[in-house]
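Working notes for the structure below.
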Amino acid sequence: MHDHKPPGETRVILNVEGMHCAACASRVEKALQKAPGVRDATVNFGAETATVHMDAADADVEELISAVEDAGYAASVAERRESGLEARQRASIRGWFRRLIAGIALTIPIMLLSMVFHEMPGRYAALFALGTAVQAYVGWPYYVSAVRAALHLSANMDTLIALGSTAAYLYSVVASLHAPGEGYGIYYEGAAMILTLITLGKFLEANARFRTSSAIRKLMELSPGRATVLRDGVEKQIDAADVQVGDILIVRPGEKVPVDGVVTDGASSVDESMITGESLPAAKQQGDEVIGGTINREGSFKFEARKVGADTALSRIIEMVRTAQGSKANIQRVADQVSAIFVPAVITIALLVFAGWMIFGDVGFSRSLMTGVAVLIISCPCALGLATPTAIIVASGQGAAHGILVKEAQTLEQAGKLNVVILDKTGTLTRGEPAVTAVRTLPGAQVGGDASRLLALAAAAEHGSEHPLGRAIYEKAVADGIDVPQAADFNSIPGRGVMAEIEGRRVIVGTHHLLGEHGIDTAPGAEIAEELEAKGNTVVLVAIDGAAAGVIALADQLKEHSAEAVAKLKQLGLKVILMTGDNERTAKAIASQAGIDNVFAQVLPGGKAERVKELQAAGLLVAMVGDGVNDAPALVQADVGIAIGSGTDVALEAGDITLVSGDVRGVANAILMSRRTLATIKQNLFFAFFYNTAAIPLAASGLLNPMIAAGAMAASSVSVVSNSLLLKRRFRRMLMLDESEEQNE
């Protein structure tokens, strides 16, 4: 089960600069959790963000920023626009590149002087000058971070790097002061190479992390900068951020739709692929909804702004992706706990190794020192801190790019372990737009006319209903040119039907259970109802003045790809269940068309959550897929709630995963994405743990010199990030396979 934001709580997302490992993230997290009004704080090292949940009444962003700064780091409110985020990341890459070039330029002559030009006059002075330059410029960020951590009585990855390179450098300085040949080695090349190789790793890592966050930058880039608004009959160009609800806007071919709204005039086709993942443009005409950030392809149209600013679909998507990328999977918390004690443990091990070689190794101070330095360098737990967040960032970003929005990292972890998927019928498996297929009056019914009169009374009763069946009945009457009378005393009974007073007559439209509760005999219409239900229709009974008067049949067609979606879920080894409020006969007819073997029929809205609980009580992990208000309790109860994006805002808020396009095939894609993400996380953690477990004994045994250790440490971090980036290719391959199958059909 998942948690949702409690009342009175607000969420703040901060960018955090200066973190170099999981230990840094842990320290920032603890500092934020101690800030006034904070209920919970999660820091994601891979995303370089902090997500803070705090009391709305006590929300003070400046307090949060101060808490981060007091911990020794820099913080700012996460940007909604792309420019600040990208600029910061590019600046980091440039900074590491400059230090890398300087390190290479200085280390090459150091190595030549150390290994080739042994008799060069002034050799020691030159080595000292070059070595000091490397420590001062290339090593500066590591020293700053290590000192900052020490001032807060803690240690991090940079502490290990600073200690290792400083030990090699200072020993070399001391050795340089003695006359050659007295048994003192110099390790200026070792100290320089350590910093240069690790900086190479930082540069490659910064580049890779920039690529992992490309999805959210692309989403931010979709936000249009300008809008054409019609005010007082005059067209004006304004900033899209200044558009107000109710404004009439004009969109011409090739322009982006500035905000969310409804078309009031004109027609066109709009490319919504960047939001929904659907490749074909969507036709738009009067009354259709348009989404901000999408691109108008053909004709011009006017539309009324309905949602602006943070309320637009694009802003909500960005917020969901940002939240998912800033959250933590449960498996990451284990890695964080290990990282928190890892650095002090490594320093202790390095000291013991140094002492052991000095006392028992009979190799002298120089060799003992370098062995201890190798332990410090090889043990840096940077890969451990990157293992989970980089995979989460890539997966959530790729999901968003293809219309699959994930709210929390835990969801990606949980969805891969599911056993059962429950599918709602209306709007999920079916189009959600049922149409009347038959209207039958019962013999002897006091309708006061033919079937048209029965439809008129039923339509009048359903006029105030928001249920798809009710709307279909009303729309059928209007389409047939029937005069629909006014209804009074309207009452809707969720999942059962409606009642109303119409022209002095009491009309009930609903299930046979509803009619039975009011003492109405439904037997006269049973045979007709069974006949219609056997054909896959949903049957609604109509009672007038306490007596059954007729039967209205409606049919809702399966969505184009519903059967394919069910087949894919079965291929993944999942049990698929159809759950609906329809009677069992109709439910089974739809289930048969979709290829579903298990059916929960005649389930009321409250009962849907109970059915989920029953499955969970049997030890199963359950996903609920739905789109309506009546699905919300079940979406919340399920281990993973998957909301169809074409559904209501309530369903979208309740779901852990949102399928923006409304294509039910996305359920299988989301689960497959989760499984592949979880597999990648486990691979990353294995690489990180295996690397440290194997490397420390090798270094302690004296088989690795510090330069090789530095290169291996940098390579481990890059390999973990690179493995996470492979998720992009795997996910694209999965979607390309879907598209090729569709084309073959």
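My numbering puts the first residue of the sequence shown at 317, with every later residue one more than the last.
Quick reminder that beta carbons are idealized off the backbone N, C-alpha and C, glycines included.
Because the structure is a prediction, the values reported are computed rather than measured.
The distance from the Cβ of A626 to that of D563 is about 17 Å, inconsistent with a contact at the 8 Å cut-off.
When the alpha-carbon of F1047 is set against those of G832, G609, A793 and I720, the nearest one is in I720. Rounded to the nearest angstrom, the Cβ distance from T326 to M370 is 6 Å, consistent with a contact under 8 Å.
By the Cβ criterion, the segment 971 to 987 is in contact with the segment 717 to 732, since at least three pairs of Cβ atoms, one from each stretch, lie closer than 8 Å. Between the beta-carbon of I973 and that of A731 there is about 7 Å, and that keeps the pair under the 8 Å contact cut.
Restricting attention to D955, V800 and H783, the CA atom closest to the CA of D898 is found in H783.
Judged by DSSP in its simplified three-state form, I607 adopts coil rather than helix or strand. Of the residues assessed, D947 falls on the buried side of the cut-off, its CB having 16 or more other CB atoms within 10 angstroms. Residue pairing by DSSP places D371 opposite E325 in a beta bridge.
Beta bridge pairing from DSSP links E551 with L546.
Where I844 is concerned, the enclosing alpha helix (DSSP H) starts and stops at A842 to E849. The straight-line gap separating the alpha-carbon atoms of M335 and A1010 is approximately 26 Å. When Cβ pairs closer than 8 Å are counted between the two stretches, the segment 738 to 750 is seen to touch the segment 882 to 897, the count reaching three or more.
Per DSSP, the unbroken beta strand (DSSP E) holding G942 starts and ends at V938 to G942. DSSP, read as helix, strand or coil, puts L857 in strand. In the structure shown, S1038 adopts helical secondary structure according to DSSP, grouped into three states. Judged by DSSP secondary structure, L830 falls within the alpha helix (DSSP H) whose first and last residues are H828 to E833. Judged by DSSP secondary structure, R355 falls within the beta strand (DSSP E) whose first and last residues are V354 to N360. Remark: C-beta atoms of V938 and D913 do not approach each other more closely than 7 Å. Per DSSP, E620 is one residue of the beta strand (DSSP E) stretching across F617 to K623.
Y389 is the residue among K723, R747, L685 and Y389 whose C-alpha sits nearest the C-alpha of V463. In the DSSP assignment, D386 falls within the unbroken alpha helix (DSSP H) covering V377 to D386. A residue is called buried when at least 16 other Cβ atoms come within 10 angstroms of its Cβ; G832 does not meet this threshold and is exposed. Under the three-state reduction of DSSP, V679 is assigned to coil, being neither helix nor strand.
Ranked by how close their Cα comes to the Cα of R1045, the residues L951, M940 and A707 have A707 in first place. The beta carbon of T854 lies closer than 6 Å to those of L870, D898 and T902 in the same chain, with the five residues before and after it left out. Here F617 is buried. Its C-beta has 16 or more other C-beta atoms within 10 Å. The bridge partners DSSP lists for S585 are A599. Counting the other Cβ atoms within 10 Å of the Cβ of I675 gives fewer than 16, which makes it exposed. Taking 7 Å as the cut-off, the beta carbon of G852 is found closer than this to the beta carbon of A905.
Under the three-state reduction of DSSP output, I426 falls in the helix class. Look at D627 here: in three-state DSSP terms it is helix. Per DSSP, reduced to three states, the secondary structure at M473 is helical.
Collapsing the DSSP output to three states places M815 in a strand. A distance below 7 Å between beta-carbons, with the five flanking residues on each side excluded, links F681 to the following residues of its chain, in chain order: M674. Here A671 carries a helix assignment [DSSP, helix/strand/coil].
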